[in-house]
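Q: By the UniProt record's numbering, the letter at position 57 of the sequence shown is numbered 57, and the numbering carries on one by one without gaps. The structure that follows is given in the form of structure tokens.
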Amino acid sequence: MKQIKNIRNFLLISLIAGGTWIGCDDANYSTLDTHVFFEEALTATSTKVTVMGSGETNVTLNAHISNTQQKDNSYSLAIDQAALDAYNKANGTNYIALPETHYTLPDNITIKAGAYNADPISIHIKAFSEEMNASGESYALPVRLVAKQGSIDVMPVTGSLVILANSIMEFSAPQFVGSTELVAKKFSEAPETYNEFAVEVRFQVSNTANRNRAVFSTSGSDGKSLLLRFEDPQSDNSDHKAHSLVQIQTHETYLNPTYSFEPNKWQHLAVTYNGSKYRIYINGKDGGSK
């Protein structure tokens with residue numbers, strides 16, 4: 001009986017101790033209490049925006065509070081260079097902060113009494129300058145919520161967000177209906193011969209309904225030529241739409257690339273020749289060689 005009594009006492013002490021530890025865990029968890037954060041930062045440390053080539057582009061963020069309050073809570077936005085540095089390190093990128101002249105942050109963000117969120121936050125980003133577009137730099141706007149005096153604290157991680165800004169470059173481009181009939185007279189009047197070369201084209205096409213439509217062509221007095229044209233396949237198949245492959249055609253061979261072109265979308269085509277082999281690239285991807 002004494003042994004059984006000791007076991008019961010031991011079990012009782014264990015349960016009391018366990019209850020004590022559970023109570024401590026609850027106390028630690030409750031220290032998070034009420035906090036403010038970006039809704040967008042709950043699932044990612046960054047968001048992307050495409051900045052228009054002119055005027056301003058608006059970015060909308062949302063600030064939330066975990067528990068409603070009996071009074072208004074006010075916040076501002078600040079640039080968070082530390083968040084941008086951490087993002088670059090984690091992702092192997094080299095984004096730099098947008099110049100101060102190219103964005104406007106709101107003066108005040110208020111989460112009103114009884115509300116779980118503020119009105120949508122609007123950030124205005126100006127079109128990139130020519131210098132910015134030519135620099136080759138990648139730009140971002142790292143922002144952080146900052147509590148004004150007497151307001152609920154902001155979460156250290158989800159209170160920041162990195163806005164990755166991609167710019168649209170506006171430029172003039174010719175538009176052709178049917179044959180382009182666009183000729184570089186310089187090379188017609190004074191032909192030049194190259195042992196190695198590259199041809200680059202950026203364009204869009206309204207459809208790929210017809211075959212043998214030239215993108216680029218040249219010919220020499222020695223009978224050698226280069227033609228880039230929409231040609232194969234001759235009908236739709238499981239991989240490509242009819243005539244959506246821009247084929248390399250020379251005086252002695254031809255090559256169809258791995259990737260096809262999509263209508264009504266700006267795309268990039270490049271062909272290189274190293275003296276013995278042609279290689280074609282579609283939107284930066286290696287499309288094959290011969």
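Ideal placement from N, C-alpha and C gives every residue a C-beta, glycine not left out. Bear in mind the structure is a predicted one, so any value in this text is a computation, not a measurement.
State the DSSP-derived secondary structure class of Thr258, mapped to helix, strand or coil.
A: Position 258 of the sequence shown, counting from 1, holds the residue named residue 258. Coil at Thr258, not helix or strand.
Q: Please state if the CB of Ile79 and the CB of Val143 are separated by a distance shorter than 8 Å.
A: For the purposes of this step, residue 143 is identified with residue 143 of the sequence shown, where counting begins at 1. For the purposes of this step, residue 79 is identified with residue 79 of the sequence shown, where counting begins at 1. In contact: Val143 and Ile79 (Cβ atoms closer than 8 Å).
Q: Tell me, to the nearest whole angstrom, how far the beta carbon of His102 is from that of Lys126; I am working on the premise that it is less than 8 Å.
A: Residue 102 sits at position 102 when you count from the first residue of the sequence shown. Residue 126 sits at position 126 when you count from the first residue of the sequence shown. Confirmed, Cβ separation roughly 5 Å.
Q: Would you report the Cα separation of Ser276 and His243, rounded to the nearest angstrom?
A: By 1-based counting over the sequence shown, the position of residue 276 is 276. By 1-based counting over the sequence shown, the position of residue 243 is 243. Their Cα atoms are separated by approximately 27 Å.
Q: Using a 10 Å radius around the Cβ and a threshold of 16 neighbouring Cβ atoms, would you call Ala82 buried or exposed?
A: Here residue 82 is taken as the residue at index 82 of the sequence shown, counted from 1. Result: exposed.
Q: In chain order, what residues of the same chain lie with their CB nearer than 7 Å to the CB of Ala118, ignoring the 5 residues before and after it?
A: In the sequence shown, counting from the first residue as 1, residue 118 sits at position 118. Result list for Ala118: Ala63, Ile109, Thr110 and Ile111, in chain order.
Q: Could you give the residue range of the beta strand (DSSP E) that holds residue 293?
A: Absent from the model: residue 293. The displayed extent of the chain is 1 to 290, so no value can be given.
Q: Using the beta-carbon count (16 or more within 10 Å), is Ile163 buried or exposed?
A: Position 163 of the sequence shown, counting from 1, holds the residue named residue 163. That one is buried.
Q: Within its chain, find whatever has a CB closer than 6 Å to the CB of Ala214; leave out the 5 residues flanking it on each side and keep chain order.
A: Here residue 214 refers to the residue found at position 214 when the sequence shown is read from its first residue. Excluding sequence neighbours, Ala214 sits near Arg229.
Q: Cα separation between Ala97 and Tyr87?
A: For this step, residue 97 is matched to residue 97 along the sequence shown. For this step, residue 87 is matched to residue 87 along the sequence shown. Looking at the two C-alpha atoms, the distance is approximately 12 Å.
Q: Classify Leu161 as buried or exposed, calling it buried when 16 or more other Cβ atoms lie within 10 Å of its own Cβ.
A: Taking the first residue of the sequence shown as 1, we reach residue 161 at position 161. Burial call: buried.
Q: Determine the closest residue to Asn283 out of Phe187, Glu262, Asn73 and Ala90, with distance taken between C-alpha atoms.
A: As a working mapping, residue 283 is identified with position 283 in the sequence shown. Per the Cα distances, Glu262.
Q: Which whole runs of the alpha helix (DSSP H) in the segment 106 to 159 are 4 residues long or more, in chain order?
A: With a minimum length of 4 residues, the continuous alpha helix (DSSP H) runs that stay inside the segment 106 to 159 are 130 to 135.
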